[in-house]
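S.K.: Structure incoming, see below.
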Amino acid sequence: MRTLRAAAAFLRKDFLTERSYRLSFALGAAGTLSGILVFYFIDKLFGSALAPHLAPYGTGYFTYVFTATAFFGYIGTGAGAYSERLRLEQAQGTLEAVLSTPITTGAFLLALTAWNFIFATFELLVYAACAVFLFKLDLAAANWPAAALVFALSAACFASLGILSSCFVMLFKRGNPLAWVLNNFEGLLGGVYFPVTLFPPWLAAVSNLLPVTYAVRAFQLTVHKGAGLAAAGGDILALALFDLALVPASVYLFHLSIERARRAGTLGQY
Amino acid sequence: MFIEARGIEKTFPAPAFGGGAGLRALAGLDLKAGTGITGLAGPNGSGKTTALKVLAGVLLADSGEVLADGKPESPERLRALVSYCPANPRGFYFRISAAENLRFFGALAGLPPAEAAGAAAELAPPLGLSAADLGRRFDALSEGTMQKVSLLRALSRRAPVLLLDEPFRGLDEAACAGLLGLLSGLSGSTAVVIASHDAALLGKAAGRILRITDGTNGGEAAR
C-alpha cells in the first residue's frame, strides 16, 4: 500500500511539474515523430540496398527502423530515466528530503521513474497510431503475445541497466561511465537503425554482448515474422538470463549506494 | 517516547582523490531526550545538525547506537519514528505549490491526502500561513514562508519524535509565538529536540538545554 501511495505521489508531483513547463510539455508531445521522418526518406533513397540484411525479418527498411525505434524508445526509457531523475533530485535539493522519509529503496525505484514510463507509453501509442493510420505499416503477421513477452523482458533488463547507472550518480554525482556506454553505443550496435549482420565479425562480437541486440532482434522477429518461442527462443532466453542477473543485482547495488551516501553524508550534495 | 544516542561517533570522509583529512563531527556523543522539549545549543560546527541527522536515521553513524524507548533502532525504523525539519527550507519542489509539496511528502510518510490536508489546515494558521500561501507555487514564496512550510511538513507527520534544526530562522515574531504555542501543545506527547543559536527562543521553548561542544556533550546549559 505504501509503495503504491509513493508511486502515486511521485506520478502526481511529476505530472504537475512537467505541466508547469507548458512549452516543453507541448513540444514533447509534438516532437515524438519528427526523427522518424528522417528514416522514411532514407528508406526512399537507400532502402533497397539493405534488402539482403532485412530478409530474415521479411520487411523493408522503414518498417524495420520504425518498429525498432518505437521499441527502443520505450525500453530505453528505463536505461536513461533513473539516472536523469536521480540527478534532478540531487540538483534541486530534494533527494535528502525524500530519503529522510520512511520510503524503502524498492518503492523509491518504482516511483522515481513512474512518470517517464507513463509518458513513454503515451509516445508508444502515438507511434502505433502513426504506424497504422499514417504509414500504413503491415503488422498483420505479428505474434503479439510473444512480442509482449519480449517487451516485458527487455523493459526489465533496461530498467536494471538504468538503476546500475544511477548508482554512479548517487556516489559520484557527475561522471557516469555506464550512461556513456548506453547512450553512445546501444543504438549503434544493437540493431536499432540497421541489422547487426552489417557489422564486421569483430564488431558483431561486441554487439552480441549487449542485451539490446537480443531485444531488438527478438522484437523484430515476433512482430514482422510472427515468431514464437521456437524461432525467437534463443534471444528470449538470453534476455531472461540478463534479467535474472541484472534485476536483483541492480536493486541491491542501488540500495548499497544509498547507504554509502548516507554514511558519507552526501545525500544533500550534487 | 524517549530517544537516546549512545557513544555516537561520526567522521565525514575527505573527498576521494581530493586530499585533506576527514572532518570529525561527533566524538562519542551521548544524548537523551524524553517527552517534552529538549534544546541543543553549541557553537557553529559543534555537531548539532549531525547529531539530529543521526537521530533521524538520515545519516549513518560510524559507531554508537540510537535507542527509542530503550531499544536500539535501525536507521530505517528511525525514519519511520522521527520527523526531521532541516535548517535549510529549500528541500522542496519549486514548480509546484506548497500544498502539493505537503501532500507529496505526506504520502511518503504514509499520510493519505485527506489527512495531510487536514493537518495543514490545523497547523498552518498558528504559523501565519494562509490558504493563499499554501496554494502558491513554492518558488514564489519568501524565505520565511518557505521555512514555515518546512515546519508544517515536519509537524504534520505527528511523529512520536520531532527534531527541529534552527526552526526559528527567518520567522517573524508572530510566527515564532505560534510555533512556541504549537510546540507547547506537543510537549505532553512528543519528544521534541530543537537545535538553535537563538538563546532567548530556545530558553522559552525548551524545558532543558544540552550543550554540544566539539562533537561531545558539554553538559546542561542554563536556560
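Sequence lines, in order, name chains D and U. Just add 644 to wherever you are in the first sequence, counting from 1, and you've got my numbering. Just add 20 to wherever you are in the second sequence, counting from 1, and you've got my numbering. We put the CB at the ideal spot given by N, CA and C, even for glycine. What you are looking at is a predicted structure, and each value in this text was computed from that prediction instead of being measured.
Go to U:Glu-29, then tell me how far its beta strand (DSSP E) extends in each direction, as first and last residue.
M.R.: Taking the first residue of the second sequence as position 1, residue 29 of chain U is located at position 9. It spans 23-32 - the beta strand (DSSP E) in which U:Glu-29 sits, taken as one unbroken run.
S.K.: Just the chain D side, please: which residues come within less than 7 Å of U:Ala-100 by C-beta, in chain order?
M.R.: For the purposes of this step, residue 100 of chain U is taken as residue 80 along the second sequence, with counting starting at 1. By Cβ distance, chain D contributes Pro-746.
S.K.: If you follow the beta strand (DSSP E) that U:Arg-228 is part of, which residue opens it and which one closes it?
M.R.: Your numbering for residue 228 of chain U matches position 208 in the second sequence. Note, U:Arg-228: beta strand (DSSP E), 228-233.
S.K.: Once the 5 residues before and after D:Ala-741 are set aside, which same chain residues still bring their CB inside 6 Å of it?
M.R.: Within the first sequence, residue 741 of chain D is the residue found at index 97, counting from 1. Here the set comprises nothing.
S.K.: What residue does the beta strand (DSSP E) around U:Thr-58 start on, and which one ends it?
M.R.: The count along the second sequence starts at 1 and reaches residue 58 of chain U at position 38. Run containing U:Thr-58: 56-61, per the beta strand (DSSP E) assignment.
S.K.: Hey, D:Ser-809 and D:Tyr-726 are a contact pair by Cβ (cut 8 Å); roughly how many whole angstroms apart?
M.R.: For the purposes of this step, residue 809 of chain D is identified with residue 165 of the first sequence, where counting begins at 1. For the purposes of this step, residue 726 of chain D is identified with residue 82 of the first sequence, where counting begins at 1. The Cβ separation is near 6 Å, so the contact holds.
S.K.: Using a Cβ-Cβ cut-off of 7 Å, state whether D:Thr-738 counts as contacting chain C.
M.R.: Absent here is chain C; the protein component of the structure consists of chains D and U.
S.K.: Name the residue from U:Ile-116, U:Gly-198, U:Glu-142 and U:Val-212 whose alpha carbon lies nearest to the alpha carbon of D:Arg-656.
M.R.: The sequence position of residue 656 of chain D within the first sequence is 12, counting from 1. Of U:Ile-116, U:Gly-198, U:Glu-142 and U:Val-212, the residue nearest in Cα terms is U:Ile-116.
S.K.: Mind listing the chain D neighbours of U:Pro-33? Cutoff is C-beta to C-beta under 7 Å, in chain order.
M.R.: As a position in the second sequence, residue 33 of chain U is number 13, starting the count at 1. In chain order: Ala-908.
S.K.: Determine contact between the stretch 882-897 of chain D and the stretch 855-864 of chain D, defined as no fewer than three beta-carbon pairs at a distance below 8 Å.
M.R.: Cβ pair count under 8 Å is three or more, so yes.
S.K.: For U:Glu-93, which option in U:Ile-214, U:Phe-22 and U:Phe-188 has the closest C-alpha, if you only look at C-alpha atoms?
M.R.: Along the second sequence, one-based indexing puts residue 93 of chain U at 73. Of the listed residues, the one whose Cα sits closest to U:Glu-93 is U:Phe-22.
S.K.: Using the C-alpha atoms, what's the distance from D:Ala-758 back to D:His-697?
M.R.: For the purposes of this step, residue 697 of chain D is taken as residue 53 along the first sequence, with counting starting at 1. For the purposes of this step, residue 758 of chain D is taken as residue 114 along the first sequence, with counting starting at 1. Between D:His-697 and D:Ala-758, the C-alpha separation is close to 37 Å.
S.K.: From the DSSP output, read off the bridge partner residues of U:Arg-44.
M.R.: Taking the second sequence and counting its residues from 1, one reaches residue 44 of chain U at position 24. In DSSP, U:Arg-44 forms a bridge with U:Thr-31.
S.K.: Beta carbon of D:Arg-907, beta carbon of D:Val-813: below 7 Å?
M.R.: For the purposes of this step, residue 907 of chain D is taken as the residue at position 263 of the first sequence. For the purposes of this step, residue 813 of chain D is taken as the residue at position 169 of the first sequence. Against a cut-off of 7 Å, the Cβ pair of D:Val-813 and D:Arg-907 comes out as no contact.
S.K.: Which residue wins for smallest C-alpha separation from U:Pro-95, given the options D:Leu-911, D:Tyr-665, D:Glu-662 and D:Glu-903?
M.R.: Translated into positions along the second sequence, residue 95 of chain U becomes position 75. Of D:Leu-911, D:Tyr-665, D:Glu-662 and D:Glu-903, the residue nearest in Cα terms is D:Glu-903.
S.K.: Rounded to the nearest angstrom, what separates U:Phe-150 and D:Ala-755 at their Cα positions?
M.R.: Indexing the second sequence from 1 puts residue 150 of chain U at position 130. Indexing the first sequence from 1 puts residue 755 of chain D at position 111. Looking at the sequence shown, residue 150 of chain U is not Phe but Ser. If you take the alpha carbons of U:Ser-150 and D:Ala-755, they lie about 31 Å apart.
S.K.: Based on Cα-Cα distance, which residue from D:Phe-802, D:Leu-832, D:Phe-863 and D:Ala-751 lies nearest to D:Gly-724?
M.R.: Taking the first sequence and counting its residues from 1, the one referred to as residue 724 of chain D is at position 80. Looking at the Cα atoms, D:Phe-802 is the closest of the given residues.
S.K.: I need the DSSP call for D:Val-836, collapsed to helix, strand or coil.
M.R.: Stepping through the first sequence from its first residue, residue 836 of chain D is reached at position 192. In the structure shown, D:Val-836 sits in coil (DSSP, three-state: anything other than H, G, I, E or B).
S.K.: Answer with buried or exposed for U:Tyr-113, where buried requires no fewer than 16 other C-beta atoms within 10 angstroms of its C-beta.
M.R.: As a first step, residue 113 of chain U is located in the second sequence; it is residue number 93 there, counting from the start. The residue in question, U:Tyr-113, is buried, as its Cβ has 16 or more Cβ neighbours within 10 Å.
S.K.: Note down the Cα distance separating U:Leu-203 from U:Ala-100, rounded to an integer number of angstroms.
M.R.: Sequence index remark: in the second sequence, residue 203 of chain U carries index 183 (1-based). Sequence index remark: in the second sequence, residue 100 of chain U carries index 80 (1-based). Whole-angstrom Cα-Cα distance: 20 Å.
S.K.: When the Cα atoms are used, what is the spatial distance from D:Ala-695 to D:Val-709?
M.R.: Within the first sequence, residue 695 of chain D is the residue found at index 51, counting from 1. Within the first sequence, residue 709 of chain D is the residue found at index 65, counting from 1. Answer to the nearest angstrom: the Cα atoms are 13 Å apart.
S.K.: Can you tell me where the beta strand (DSSP E) holding U:Tyr-104 begins and where it ends?
M.R.: Here residue 104 of chain U refers to the residue found at position 84 when the second sequence is read from its first residue. Start and end: 102-105.
S.K.: Would you decide whether D:Glu-733 is buried or exposed? Buried here means 16 or more other CB atoms lie within 10 Å of its CB.
M.R.: The sequence position of residue 733 of chain D within the first sequence is 89, counting from 1. Buried, since its Cβ has 16 or more Cβ neighbours within 10 Å.
S.K.: Sort D:Thr-661, D:Tyr-914, D:Thr-721 and D:Phe-690 by Cα distance to D:Arg-818 and report the nearest one.
M.R.: The residue given as residue 818 of chain D occupies position 174 in the first sequence. The candidate whose alpha carbon is nearest that of D:Arg-818 is D:Tyr-914.
S.K.: If I'm right that U:Asp-185 touches U:Ala-215 with Cβ under 8 Å, what's the distance once you round it to whole angstroms?
M.R.: The residue you call residue 185 of chain U lines up with position 165 of the second sequence. The residue you call residue 215 of chain U lines up with position 195 of the second sequence. Contact holds; Cβ gap of about 5 Å.
S.K.: Residues in the same chain with beta-carbon distance under 6 Å from U:Thr-16, minus the five sequence neighbours each way, listed in chain order, please.
M.R.: No statement about residue 16 of chain U is possible, as the shown extent of chain U runs from 21 to 243 and does not include it.
S.K.: In whole angstroms, what separates the C-alpha of U:Gly-27 from that of U:Ser-83?
M.R.: As a working note, residue 27 of chain U is residue 7 in the second sequence. As a working note, residue 83 of chain U is residue 63 in the second sequence. Their Cα atoms are separated by approximately 7 Å.
S.K.: Would you give the residue range spanned by the beta strand (DSSP E) that U:Ala-215 belongs to?
M.R.: In the second sequence, counting from the first residue as 1, residue 215 of chain U sits at position 195. Note, U:Ala-215: beta strand (DSSP E), 211-215.
S.K.: Excluding five sequence neighbours on each side, which residues of the same chain lie with their C-beta closer than 8 Å to the C-beta of D:Ala-750?
M.R.: Your numbering for residue 750 of chain D matches position 106 in the first sequence. For clarity, residue 750 of chain D is Gly in the given sequence; the question names Ala instead. Cβ within range, chain order: Thr-647 and Val-895.
S.K.: Is the shortest distance between the beta-carbon of U:Ile-116 and the beta-carbons of chain D less than 7 Å?
M.R.: The residue given as residue 116 of chain U occupies position 96 in the second sequence. Answer yes: the Cβ-Cβ gap between U:Ile-116 and chain D drops below 7 Å somewhere.
S.K.: Quick check: is the beta carbon of U:Phe-37 nearer than 7 Å to any beta carbon in chain D?
M.R.: Position 17 of the second sequence, counted from the start, is the residue given in the question as residue 37 of chain U. Not one chain D Cβ lies under 7 Å of U:Phe-37.
S.K.: Quick test of your reading: D:Lys-869 and D:Ala-785, contact by CB under 8 Å. State the CB separation rounded to the nearest angstrom.
M.R.: Position 225 of the first sequence holds residue 869 of chain D. Position 141 of the first sequence holds residue 785 of chain D. Between D:Ala-785 and D:Lys-869 the Cβ distance is about 6 Å, and since that is below 8 Å, they are a contact.
S.K.: Could you check the C-alpha separation between D:Phe-838 and U:Val-86 for me, to the nearest Å?
M.R.: The count along the first sequence starts at 1 and reaches residue 838 of chain D at position 194. The count along the second sequence starts at 1 and reaches residue 86 of chain U at position 66. Answer to the nearest angstrom: the Cα atoms are 58 Å apart.
S.K.: Closest to U:Asn-237 by CA distance: which of U:Gly-59, U:Gly-198, U:Pro-33 and U:Arg-177 is it?
M.R.: Translated into positions along the second sequence, residue 237 of chain U becomes position 217. For U:Asn-237, the nearest C-alpha among the options comes from U:Gly-59.
S.K.: Quick one: what's got a C-beta closer than 8 Å to U:Ala-41's C-beta in the same chain, skipping five residues either side?
M.R.: If you number the second sequence from 1, residue 41 of chain U lands on position 21. Contacts found: Ala-34.
S.K.: Check each residue of the stretch 46-76 of chain U: if its Cβ is closer than 7 Å to any Cβ of chain D, include it; give the result in chain order.
M.R.: From the stretch 46-76 of chain U, only Ala-76 have a Cβ closer than 7 Å to chain D.
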